[in-house]
Amino acid sequence: MARPFTPVLLDQSYINLKNQVIKAERRILKELGFCVHGKHPHKLVICYLQTLGLEKSELAQISWNYMNDVLRTDVFVRYFPEAVACACIFLAARKLGIPLPRYPPWWEMFNVDEESVHEIALCLQRLYVRSKPDVSALELRLAEIRKKQAEAREVALASSAASRSLNSRPLDDASSGNPSPSKAPVDNSKPDGSSRAAAVSPTSTAKPDPSLNLNTLAAHLSDLKGSRSRRSPEENRKPATDINLLNGGVQPGLKEDPDDIR
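Here you go:
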């Protein structure tokens, strides 16, 4: 008996199995040298019926129908075409009740044994008693299989997304220039309240240009020198002290006030 029909989903496993079958067929054809032509049994049916004198009867049409049904089985690769033709004539004669020579058996005239004829006839009878599959039951089974596959696919996607997020989080923290939210911001102001450096944008990575600070300081010094030349000696003492405090020492060309030192 043939195996019961079971639905098969056209998933990746089906595609892999199909590719394996194709590769196996190519290997077999290569080993056979692509010499796979054979003797077709359809024409033998007409020849044998002509020999028996029954080529123009209903027996010829029934035998031809049996020959077409044999294509649904693997009989052609298991038996010789002469045996297949004799088995089809044997079944057609049994169905129509037409007597054929029995002693000696008529198939021995075509070099066919009785065992092969009976086995081929039994294979055809099994084909006819095969029950048709229930389409509604198959659809329900397919729906269950698709549902299980969808659930398994969702679980796999969720697990892969979680693993990607866990693997990418340390890399993102290390590569980004943003400070960690748990760390407190660093105070860059001096004790006297003046800011040491300008605020830098969190996303900015460019360093301040030192030439800009030097140019600004030089312009500020030139303005102080010009204003000091227009003041009296008493008024020029305080700006000199401010310049010294600003630059961390005495600037060249400016004298230190001995009164401020005391």
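Residue numbering for the sequence shown follows the UniProt record's numbering, starting at 1 and increasing by one per position.
Even glycine gets a Cβ: it sits at the ideal position worked out from N, Cα and C.
If residue i sits next to residue j, beta carbons under 8 Å apart, how far is it from one beta carbon to the other, in whole angstroms?
i: I89; j: L124; result: About 12 Å; that fails the 8 Å criterion.
i: residue 290; j: A87; result: No statement about residue 290 is possible, as the shown extent of the chain runs from 1 to 262 and does not include it.
i: L127; j: D74; result: 11 Å between Cβ atoms; not a contact.
i: Y79; j: I46; result: Actually they do not touch by this definition, with Cβ atoms about 19 Å apart.
i: V112; j: E82; result: 5 Å
i: residue 334; j: P41; result: This structure cannot settle anything about residue 334, because the visible part of the chain is limited to 1 through 262.
Leaving out the 5 sequence neighbours to the left and right, which residues in its chain are closer than 8 Å to residue i when beta-carbon positions are compared?
i: R72; result: L127
i: P105; result: E114
i: L54; result: A60 and I98
i: L29; result: V36
i: R146; result: L9
Leaving aside the five residues before and after residue i along the sequence, list all residues of the same chain whose C-beta is less than 7 Å from its C-beta, in chain order.
i: L223; result: Residue identity differs from the one stated: residue 223 is Asp in this sequence, not Leu. Counting only Cβ-Cβ distances below 7 Å, and skipping sequence neighbours, we find nothing.
i: V200; result: Note that V200 scores 45 on pLDDT, short of 50, meaning its location in the model is unreliable; the coordinates nonetheless yield the value given after this. Within the same chain, V200 has no close Cβ partners at all.
i: N65; result: none
i: I62; result: A92, K95 and L96
i: L44; result: P81, E82 and A85
i: L17; result: none
i: E58; result: L96
i: E151; result: none
Which residues in the same chain as residue i place their Cβ atom closer than 6 Å to its Cβ, once the five residues preceding and following it in sequence are excluded?
i: W107; result: C86 and V117
i: K183; result: Note that K183 scores 48 on pLDDT, short of 50, meaning its location in the model is unreliable; the coordinates nonetheless yield the value given after this. Around K183: no qualifying Cβ.
i: I22; result: none
i: A162; result: none
i: K148; result: none
*asked:* Quick check on the DSSP output: what are the complete alpha helix (DSSP H) runs of length 4 or more inside the UniProt domain "Cyclin-like" (43-129), in order along the chain?
replied: Segments of the alpha helix (DSSP H) lying fully in the UniProt domain "Cyclin-like" (43-129): 58-70, 81-96 and 114-128.
* Asked: With a cut-off of 8 Å, do at least 3 Cβ pairs link the stretch 7-18 to the stretch 135-144?
  -> Yes: the two stretches touch, three or more of their Cβ pairs being nearer than 8 Å.
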